[in-house]
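Contents: one structure, followed by commentary.
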Amino acid sequence: MPPTPVCTFHATRTGAEALVHTLQAKTQADPHLTVLSVDISAAYDTVSREAMLSALREVPQASALMPFVRLWYARESVYVWAAGSQAHRITQAEGGEQGDPLMPALFALAFAPALRDLHADLRPDEQALAFLDDAYILSPPHRALQLYQRFERHAFDRAHLRLNPANTRVWNNTRAYAAGHDAAVLSCLDALLHADDASGLPALAAARAQLALRHGGLGLRSAERHAIAAYWASWADALPALASRDPAFAQALTRSLEDPGPLPHALAALKEASASLQAAGFQAPTWDAVLSAVPPAAPEDDPADLTRGWQRPASHTVDEFCHRAIRRELDAAGLAMLDSLSGPHAASVFTTRPVSPELSLSSPCFRVLLLRRLRLPLPLTAARCRCRQPHDLFGDHLAACPRSGVLRARSGPLERAAARICREAGATVALNVRLRDLNVDVARQDERRIEVIANGLALWGGAQLAVDTTLVSPLTSAGAPRRSAGRTAGAALALARKAKERTYPELRQSARCKLVVLALELGGRWSTEAATFVRLLARLHSRAVPASSRGPSISAFTARWSALLSFAAARAFAASLPSLPLGGTANVDGEPPLLSDILAESSLEPPLASRMP
1 MPPTPVCTFH ATRTGAEALV HTLQAKTQAD PHLTVLSVDI SAAYDTVSRE
51 AMLSALREVP QASALMPFVR LWYARESVYV WAAGSQAHRI TQAEGGEQGD
101 PLMPALFALA FAPALRDLHA DLRPDEQALA FLDDAYILSP PHRALQLYQR
151 FERHAFDRAH LRLNPANTRV WNNTRAYAAG HDAAVLSCLD ALLHADDASG
201 LPALAAARAQ LALRHGGLGL RSAERHAIAA YWASWADALP ALASRDPAFA
251 QALTRSLEDP GPLPHALAAL KEASASLQAA GFQAPTWDAV LSAVPPAAPE
301 DDPADLTRGW QRPASHTVDE FCHRAIRREL DAAGLAMLDS LSGPHAASVF
351 TTRPVSPELS LSSPCFRVLL LRRLRLPLPL TAARCRCRQP HDLFGDHLAA
401 CPRSGVLRAR SGPLERAAAR ICREAGATVA LNVRLRDLNV DVARQDERRI
451 EVIANGLALW GGAQLAVDTT LVSPLTSAGA PRRSAGRTAG AALALARKAK
501 ERTYPELRQS ARCKLVVLAL ELGGRWSTEA ATFVRLLARL HSRAVPASSR
551 GPSISAFTAR WSALLSFAAA RAFAASLPSL PLGGTANVDG EPPLLSDILA
601 ESSLEPPLAS RMP
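Residues 1 to 613 in the UniProt record's numbering are what the sequence shown lists, from first letter to last.
Shown next, in the form of structure tokens:
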């Protein structure tokens with residue numbers, strides 16, 4: 001006999017157990033089966049009373065209950081809330097009474113027509129299971145979204161019930177599903193970058209896209225590679241909870257995992273995941289230690305990392321493994337470019353919410369940044385630079401050529417952004433001040449300018465600050481990596497700092513004015529000095545904030561000001577490569593936003609239970 005397309009397990013003594021065993025057996029028998037867990041928002045409180053009464057009327061065996069049920073649900077319920085001497089009437093027109101023992105059965109009757117409608121949408125290899133207000137749909141992966149949307153419509157049409165997307169979960173125990181997920185994500189990226197000419201990303205570009213943002217990728221992590229980290233971490237996070245409620249069972253699990261003998265399917269998969277992570281370099285604690293160990297804290301320089309608990313260190317190990325694998329495939333120039341995309345704030349343009357013009361990018365500029373990050377050919381431009389050298393496909397020559405005329409044009413937006421963050425931090429700011437106009441002993445013909453002079457900041461004993469910005473390429477115009485102390489990572493930034501010291505020798509050891517160099521690489525990498533300066537400004541500006549909000553305030557201002565600088569640099573650079581006009585790339589100036597707005601803009605959405613399938 002074929003299975004019933006819709007099975008409801010209420011009104012049975014072991015309904016919950018039957019549901020669990022059914023899901024386990026069916027998913028183990030068919031590894032391609034996807035389980036869609038659907039949650040209903042406030043199910044008992046919002047179900048249609050008309051639907052309950054109509055369904056009850058259709059059950060002959062229960063018709064004797066109709067007068068009793070109508071007594072409570074044929075009209076609005078009225079509650080009285082007493083607040084001191086005031087009494088407030090609260091009416092309820094839908095849903096059940098609190099504590100009504102009939103509500104599970106009445107809800108099931110009202111919910112049944114929606115399940116029957118869903119039954120009509122199911123194919124022979126699909127099934128829906130329900131227990132009270134929980135529903136589970138078993139289907140192939142490609143049908144899950146379609147069935148969810150149809151069930152959402154049926155639940156509202158039949159019983160005025162709304163689904164809760166935040167509590168919707170999808171499970172699939174096959175590696176093929178994760179691989180298909182990765183392929184679909186990369187196919188979507190390819191279509192966004194190449195539109196009708198999409199033909200598949202090159203293997204190295206696809207691997208770059210799957211790197212973590214902090215490693216110079218796009219953060220489109222491979223679900224297939226990270227599945228082992230998510231599975232191991234889910235057990236590691238759950239074991240302490242199990243131990244607090246059932247210590248004997250938790251101890252038995254840990255002993256089984258440490259035992260070299262055969263294991264049940266779920267524990268064998270867990271042991272295999274642990275071995276794979278250790279092979280990738282993960283220092284996994286023993287299972288006994290997991291019961292009391294605390295997961296490592298979140299890094300301060302990675303606000304985009306939404307993983308929590310043990311999944312963070314486990315996933316970071318996979319990220320590091322993938323990063324090392326890609327580095328082995330790159331030449332010296334490729335390594336320098338990858339390093340230029342890494343580090344604190346380097347991915348701000350990809351993680352900041354576009355809540356204002358100065359924190360957003362036009363589509364052409366954003367596309368150029370994506371292509372540069374993946375090392376893919378850029379849009380067409382002139383065959384030769386103004387220096388008469390040919391332009392390469394990736395924009396490396398134009399990015400660094402000092403004779404092209406674009407280096408100075410790129411600097412304007414970054415200077416204005418630096419002035420703005422100093423002004424928002426409370427400084428009095430002067431822009432582009434000639435050195436000869438100051439009381440410094442220099443020649444009258446001296447054309448050197450200090451981009452930003454900031455006064456009134458309580459940093460370094462209240463010293464006057466000469467803030468100079470620079471945007472440099474990790475490669476020379478000939479495509480060779482810049483090196484400092486034998487290293488390419490951050491070499492361009494170190495060389496830029498030395499160049500500024502040579503340009504302003506009067507300020508290098510001056511007690512009158514402190515030189516601050518905000519150096520950024522074209523890939524987004526920040527110098528340590530620049531990152532420290534923004535953090536100090538954020539700490540200074542947050543002193544007036546109440547202690548309870550000081551930590552979030554520091555993080556919010558750091559995120560905002562680092563984003564202002566990053567967007568200014570990225571927008572000007574991206575526009576210069578395909579010869580787009582640079583006139584509209586400067587930061588929009590204005591009054592500083594309210595602290596409440598900055599905190600709201602920088603807050604992250606609560607993470608899902610797991611970001612891996």
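Glycine is no exception: its CB is placed at the ideal position from the N, C-alpha and C atoms.
| Among all the DSSP beta bridges, which residues are the ones paired with Gln146? | Partner(s): none; Gln146 has no beta bridge.
Exercise. Shortest alpha-carbon distance to Leu118 belongs to which of Ser596, Ala155, Ser37?
Worked result: Ala155
Discussion item. Here's a check: name, in chain order, each residue in its chain whose Cβ is nearer than 7 Å to the Cβ of Asn455, leaving out the five neighbours to either side.
Written reply: Ala427, Thr428, Gln464
Exercise for the section: Flag this pair as yes or no: are the beta carbons of Pro140 and Thr34 separated by less than 8 Å? Expected result: yes
message: For a quick check, are the C-beta atoms of Ala280 and Thr317 less than 8 Å apart?
response: yes
**Asked** Out of Val80, Ala178, Ala556, which has the shortest C-alpha to C-alpha gap to Arg353?
**Response** Ala556
Exercise for review: Could you check what DSSP says for Val406 in three-state terms: helix, strand or coil?
Suggested key: helix
- Cβ pair count under 8 Å reaching 3, the segment 238-253 against the segment 319-331: no
Q.
According to DSSP, simplified to helix, strand and coil, what is Asn432?
A. strand
Q: Can you tell me which of the three DSSP states Asn167 falls into?
A: helix
Contacting residues, own chain, Cβ-Cβ under 6 Å from Ser602 (five flanking each side not counted): Ala556, Ala559
Express the C-alpha separation of Ala135 and Met1 in angstroms, rounding to a whole number.
Any answer about Met1 is weak, because its pLDDT of 35 lies below 50 and its placement is not dependable; what the coordinates show is given next. If you take the alpha carbons of Met1 and Ala135, they lie about 23 Å apart.
For this session: Whole angstroms is fine: what's the gap from Leu565's alpha carbon to Ala418's?
Result: 7 Å
**Message:** Taking only three categories from DSSP, how would you classify Trp235?
**Reply:** helix
For the segment 30-75, which segments carrying the alpha helix (DSSP H) assignment without a break, of at least 4 residues, lie completely within its bounds, in sequence order?
-> 43-46, 49-57, 66-73
Between Leu374 and Gly524, is the Cβ-Cβ spacing less than 8 Å?
no
### Where the alpha helix (DSSP H) through Tyr177 begins and ends
175-194
- Item | Residue closest to Gln98, alpha-carbon to alpha-carbon, out of Leu115, Ala42, Ala144 | Ala42
* **Closest Cα partner of Pro344 within the set Leu371, Gly216, Gln210** => Gly216
Find the nearest neighbour of Met52 within the set Ala105, Glu529, Ala531, judged by alpha-carbon distance.
-> Ala105
Practice problem: Please state if the CB of Arg143 and the CB of Glu126 are separated by a distance shorter than 8 Å. | Solution: yes
Report the three-state DSSP secondary structure of Pro2 (helix, strand or coil). Any answer about Pro2 is weak, because its pLDDT of 40 lies below 50 and its placement is not dependable; what the coordinates show is given next. The answer is coil: DSSP assigns Pro2 none of H, G, I, E or B.
- Check whether Trp232 and Leu291 have beta carbons under 8 Å apart: no
What's the C-alpha gap between Ala269 and Ala333? 41 Å
key: Secondary structure of Thr381, DSSP reduced to three states   = coil
task = Could you please give the first and the last residue of the uninterrupted beta strand (DSSP E) stretch that includes Ser566?
result = Careful: Ser566 lies outside any beta strand (DSSP E), inside the alpha helix (DSSP H) at 547-576.
Alpha-carbon to alpha-carbon, Val349 and residue 631:
With the chain covering only 1 through 613, there is no way to say anything about residue 631.
Original post:
Can you tell me the Cα-Cα spacing of Leu393 and Asp259, whole angstroms?
Top reply: 57 Å
Give me, in chain order, the residues of the same chain whose beta-carbon lies closer than 7 Å to that of Gly200; leave out the 5 immediate sequence neighbours on both sides.
Asp190
Note to self: For the structure I just gave you, are there three or more beta carbon pairs, one from the segment 407-421 and one from the segment 565-580, closer than 8 Å?
What the structure shows: yes
* Asked: For the candidate residues Ala205, Arg449, Ala347, whose alpha-carbon lies nearest to that of residue 662?
  -> Residue numbering for the chain in the displayed model covers 1 to 613; residue 662 lies beyond these limits and cannot be assessed.
Item checked: The alpha helix (DSSP H) enclosing Gln251, as first and last residue numbers -> 247-258
Whose C-beta lies closer than 6 Å to the C-beta of Ala430 among residues of the same chain, with five residues either side of it excluded? Ile453
Proximity winner among Glu76, Ser48, Glu272, Arg116, relative to Leu161 (alpha-carbon distances) | Ser48
Exercise. How would you call Leu19, buried or exposed, if buried means at least 16 neighbouring beta carbons within 10 angstroms?
Worked result: buried
Please state whether DSSP places Gln28 in a helix, a strand or coil.
helix
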